[in-house]
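Student:
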Amino acid sequence: MDKENARLTARQEEATVKRIKLDYDEISPCLKQVNEVWELLVSKESRISAKCDSQMLLQAIRQGVPRSKRGEVWQFLAEQHHLRTHPVDTSRFPNYNVTYRGLLKQLTSHQHGILVDLGRTFPNHPYFSSPLGPGQLELFNLLKAYSLLDPEVGYCQGLSFVAGVILLHMSEESAFLLLRHLLFRRDLRRQYLPDMAALQVQLYQLSRLLHDTYPDLYEHFDQNEVAPTLYAAPWILTLFASQFPLGFVTRVFGE
17 MDKENARLTA
27 RQEEATVKRI
37 KLDYDEISPC
47 LKQVNEVWEL
57 LVSKESRISA
67 KCDSQMLLQA
77 IRQGVPRSKR
87 GEVWQFLAEQ
97 HHLRTHPVDT
107 SRFPNYNVTY
117 RGLLKQLTSH
127 QHGILVDLGR
137 TFPNHPYFSS
147 PLGPGQLELF
157 NLLKAYSLLD
167 PEVGYCQGLS
177 FVAGVILLHM
187 SEESAFLLLR
197 HLLFRRDLRR
207 QYLPDMAALQ
217 VQLYQLSRLL
227 HDTYPDLYEH
237 FDQNEVAPTL
247 YAAPWILTLF
257 ASQFPLGFVT
267 RVFGE
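The sequence shown maps to residues 17 to 271 in my numbering.
1) Between which two residues does the alpha helix (DSSP H) holding PHE264 run?
2) Return the chain-ordered ranges of every alpha helix (DSSP H) run that is complete within the stretch 168-215 and spans a minimum of 4 residues.
3) Measuring alpha carbon to alpha carbon, tell me which residue in TYR171, SER176, GLU42 is nearest PHE144.
4) Answer with buried or exposed for LEU24, where buried requires no fewer than 16 other C-beta atoms within 10 angstroms of its C-beta.
5) Skipping 5 residues on each side, what residues in its chain have a beta carbon closer than 8 Å to that of GLN96?
6) For LEU183, collect the residues of the same chain with a Cβ closer than 7 Å to its Cβ; drop the 5 residues on either side in sequence, then sort them by chain order.
7) Suppose only complete runs of 4+ residues qualify. What are the alpha helix (DSSP H) ranges in the stretch 103-157, listed by chain order?
8) Kindly give me the distance between the Cβ atoms of PHE200 and THR106, rounded to whole angstroms, as I take these residues to be in contact under 8 Å.
9) Kindly indicate the opening and closing residues of the alpha helix (DSSP H) around PHE256.
10) Would you kindly check if the distance between the Cβ of ASN111 and the Cβ of LEU119 is under 8 Å?
11) Mind checking ILE130: buried by the 16 CB within 10 Å criterion, or exposed?
12) Could you say which of GLY270, ASN51, LEU233, LYS37 lies nearest to PRO142 if we only look at CA atoms?
13) By a C-beta neighbour count over all protein chains shown, 10 Å radius and 16 as the cutoff for buried, is ASP166 buried or exposed?
14) Under the three-state reduction of DSSP, which class applies to LYS67: helix, strand or coil?
15) Could you check what DSSP says for ASP39 in three-state terms: helix, strand or coil?
16) From TYR40 to PHE92, what does the alpha carbon distance come to, in whole angstroms?
17) Report the rounded CA-to-CA distance for SER44 versus HIS185, giving the unit in angstroms.
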C-alpha cells in the first residue's frame, strides 16, 4: 500500500503543478471538435505514420490548440517540421548532442545574467513568482543548458520569456529540446547573436511594412522620432511574451 500511496501522491502533485503552470486566461477556448482533431493527430498511431496531412494540420492550427494539450501539440509540430526539412549543420557546436543532464553538470559564464533575469520573467505568474522557487530554478537550468549548448549566443535578454512560455506547458527536459528546436531548426537563434543583425533586419522590415500599409501612422511615428527599436524589439526578442497576455502569446507560438 505504501507504494500505491506514494504513486497517488506523486500524481496529485503533478496535477497541482500542471494546474499552476496553466493558470492564465485563454483568448478563445477551443471547440470540442477541435480538441478531437488534435487527439487524433497526436495519437501514437498518427505519429507512427510519420508525416500527417498538411491541410488537416494547417486547419487545426488555425482553429487553435487546447490549453491542456499545448505542450504535446508543440512537440508534435516540432516532429512534423523535423520530418519535412533538411538537418541543420551543428558541426560548430560540440555540445549539441550532449544530454540535458550532461549540460547541467557543466559551468556557464552566463550564470549572473540568467539569475538577474529570473525575477523579471513573468513575475506575476504563480509558477515563476517565488524567488528561486521551483519555476525559477527550472528556468535557470533551461537557460544555463542552452548557454552551454550554443556559446555563440550564450544568454541574451528575451530568451527567458521564450523558455518560460515553453516551460509552462511541458517538463524541463522536453522544454529544453523544444527550445533547441526553435533556435536551431527554426533559425530563431540568429536574432539573439551579439551583433543583433537579424533583429535589425526584422525591425527594418516592420518599418517598411508600416510605411507601405499605414503611411499616416508611419509618418506620425517618424515625426515624433518613434523608431521600431523603441517598441518592437521586445516583441521580437520575447516572441511577444513580455508585452502581451499569455493567452495571445501561446496562439503566436502555435502558429
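Beta carbons are placed, not taken as given, at the ideal position from N, Cα and C, and that holds for glycine. For clarity, every value in this text was computed on a predicted model and none was experimentally measured.
Tutor: With the structure as the only source:
1) Residue 264 sits at position 248 when you count from the first residue of the sequence shown. Residues 262-270.
2) Listed in chain order, they are 175-183, 188-196.
3) For this step, residue 144 is matched to residue 128 along the sequence shown. Nearest of TYR171, SER176, GLU42 to PHE144, Cα basis: SER176.
4) As a working note, residue 24 is residue 8 in the sequence shown. Below a pLDDT of 50, predicted positions are generally treated as unreliable, and LEU24, at 48, falls in that range; no measurement from the model is reported.
5) On the sequence shown, residue 96 is found 80 positions in, with the first residue counted as 1. Excluding five sequence positions before and after GLN96, the CB atoms of its chain that fall closer than 8 Å to its own CB belong to LYS67, CYS68, LEU73, given in chain order.
6) Along the sequence shown, one-based indexing puts residue 183 at 167. For LEU183, where only same-chain residues beyond five positions count, the Cβ hits under 7 Å are GLU154, LEU155, LEU158, ALA191.
7) 116-120, 127-134, all fully within the stretch 103-157.
8) Locating residue 200 in the sequence shown gives position 184, counting from the first residue. Locating residue 106 in the sequence shown gives position 90, counting from the first residue. About 7 Å; that satisfies the 8 Å criterion.
9) As a working mapping, residue 256 is identified with position 240 in the sequence shown. Element bounds for PHE256: n/a, residue is neither H nor E.
10) Numbered from 1 along the sequence shown, position 103 holds the residue referred to as residue 119. Numbered from 1 along the sequence shown, position 95 holds the residue referred to as residue 111. Going by C-beta atoms, LEU119 is nearer than 8 Å to ASN111.
11) Stepping through the sequence shown from its first residue, residue 130 is reached at position 114. Around the C-beta of ILE130, 16 or more other C-beta atoms lie within 10 Å, and the residue is accordingly described as buried.
12) For the purposes of this step, residue 142 is taken as residue 126 along the sequence shown, with counting starting at 1. Cα-wise, what sits closest to PRO142 is LYS37.
13) Position 150 of the sequence shown, counted from the first residue, corresponds to residue 166. The C-beta of ASP166 has 16 or more other C-beta atoms within 10 Å across all chains shown, which makes the residue buried.
14) For this step, residue 67 is matched to residue 51 along the sequence shown. DSSP, read as helix, strand or coil, puts LYS67 in coil.
15) In the sequence shown, the residue the question calls residue 39 occupies position 23. ASP39 falls in the coil class under three-state DSSP.
16) Locating residue 40 in the sequence shown gives position 24, where the first residue counts as 1. Locating residue 92 in the sequence shown gives position 76, where the first residue counts as 1. Near 22 Å, if we compare the C-alpha coordinates of PHE92 and TYR40.
17) The residue labelled residue 44 in the question sits at position 28 within the sequence shown. The residue labelled residue 185 in the question sits at position 169 within the sequence shown. Their Cα atoms are separated by approximately 18 Å.
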